Each structure stands twice: as structure tokens, then as C-alpha cells.
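Notes for the one structure printed next.
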């Protein structure tokens, strides 16, 4: 599967180069760009092609994020078996973050670049779709308890509560996949 990078192209951009996927600078004094999607304008075709490629690449990136979340979750379970609770906590948090980023990318077409943006956009999604509510509390619990308290501060007590939250991260990933419309592609998690 070929990956495509996300580039911002406006429909009015007639300066698109078909070879480099970069925009050319407009020459001073040139006329305004033609109307978008003019069938006689090759740049309109290029825009449609790149937009379709971007969508295909985005779907691949969403799936890649979900697979990474599942991989991190499995690492967290292995860390638990080896009694490395602090490392397991961070892996479970990272799995939660990846799954949430994948959900946001699938729903908005944008991927958060920082965890504070993930939190903000998750709440914005929730304001548009009540079904997202099932993730909000679990997301914040993992952010605060697993990431903040256990991993950063080393306050990993009570251990049984942390272990339960780590194991339940698999259910969070499954729910995020379902809400993103990717549940049919989920591999079996050790729930």
C-alpha cells in the first residue's frame, strides 16, 4: 500500500505541479485562477487525483494508528506479566492516545500533533456525537492515572486498580475503532 503525505491544496490552486506535489509560487501580474474542477483545466484533474489519493492515504494512516495502539496495548500486557507496572501504564496510555488520534483522524481528516489537542478535539467530537461520551471518562482516567500519576510521578498505587485500567485499555481501543468505522478490521485483542 502506497502512503501519501497530507498536503493542503485549495481548489483554487492552479499552480499545482503534477511531478512534485508542491505548489508553485504565483507570478506577479498573473490572472486569477480558473474556477475549480473545470474539465478542460488539467490542474482541476490533478487536484481531484491528489484529493482522492489523500483520502486513501488517510484511511491507511487511520488503520496504522489503530494497529500501533493494539501493538502498544499488547506490550502493556507483557509488561504487566513481568511486573513492570510503570512501563505498562505508559504503554497503555500511549495505546489510548493512538486510538483516540485515529478516531479523530477518521472523523475530521486531521491528526492531532499534541495530546492537549487530542483532548480538545475529542471533546469537540463529543459535542457533535453523543456516542463519543463512552470514551471521555476512560480517556481522562488513563491520562491522569496511568500517564500522569504512575508514569511521571511514580505513584503506582493501588496496583490492582492500575492493572485493571491497563487491561481495560483493550476495550477502549475496540470502542474507538467502532466509533471510527474501523471495527470490522480489528484483530483479536487479548481482552
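Residue numbers (the working numbering): 31 to 221.
All C-beta atoms in this analysis are idealised placements derived from N, C-alpha and C, irrespective of residue type, glycine included.
If you're wondering where the values come from, they're calculated on a predicted model, not measured in any experiment.
When DSSP states are grouped into helix, strand and coil, residue 103 belongs to the helix group. The continuous alpha helix (DSSP H) containing residue 136 extends over residues 115-138.
A direct Cα-Cα distance of roughly 22 Å separates residue 114 from residue 170. In this structure residue 152 is in contact with residue 130, their Cβ atoms being roughly 6 Å apart against a cut-off of 8 Å.
With respect to the C-alpha of residue 182, the residue from 196, 119 and 163 having the closest C-alpha is 119.
The distance from the Cβ of residue 202 to that of residue 156 is about 15 Å, inconsistent with a contact at the 8 Å cut-off. Taking the CA atoms as reference points, residue 150 sits about 35 Å from residue 112. Assigned with DSSP and collapsed to three states, residue 111 falls in helix.
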